[in-house]
Amino acid sequence: METNRKIIPYSRALIPVSIAIVAGLLHLAGLLSVESFYGVAGVMLSTALLLTIIAAWSKRASE
Numbered sequence: 001m002e003t004n005r006k007i008i009p010y011s012r013a014l015i016p017v018s019i020a021i022v023a024g025l026l027h028l029a030g031l032l033s034v035e036s037f038y039g040v041a042g043v044m045l046s047t048a049l050l051l052t053i054i055a056a057w058s059k060r061a062s063e
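According to this note's numbering, the sequence shown is numbered sequentially starting from 1.
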């Protein structure tokens, strides 16, 4: 169980980082304009926050 607790925060931190990297690559490729980039980044950040809240809630519910 100890290894499980160490992996979960690390993988949870990787989700927004990987989303930001993908958004940055799309922006560099010219698939996202500067104006839409901030809108997409806002949606991605709010989605990451929502996933974190859901994960914390489900962890609390399972205890």
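The beta carbon of each residue, even a glycine, is placed where N, CA and C say it ideally should be. Quick caveat: nothing in here was measured; it's all calculated off a predicted structure.
Rounded distance between the beta-carbons of residue j and residue i, thought under 8 Å
| i | j | result |
| --- | --- | --- |
| Ala-55 | Val-40 | With a Cβ gap of about 22 Å, Ala-55 and Val-40 do not count as contacting. |
| Pro-16 | Leu-50 | Going by Cβ atoms, the distance from Pro-16 to Leu-50 rounds to 11 Å, so no, they are not a contact pair. |
| Ala-48 | Ile-19 | 6 Å |
**Prompt:** At what residue ranges does the segment 36–63 contain a whole run of the alpha helix (DSSP H), taking only runs of 4 or more?
**Reply:** none
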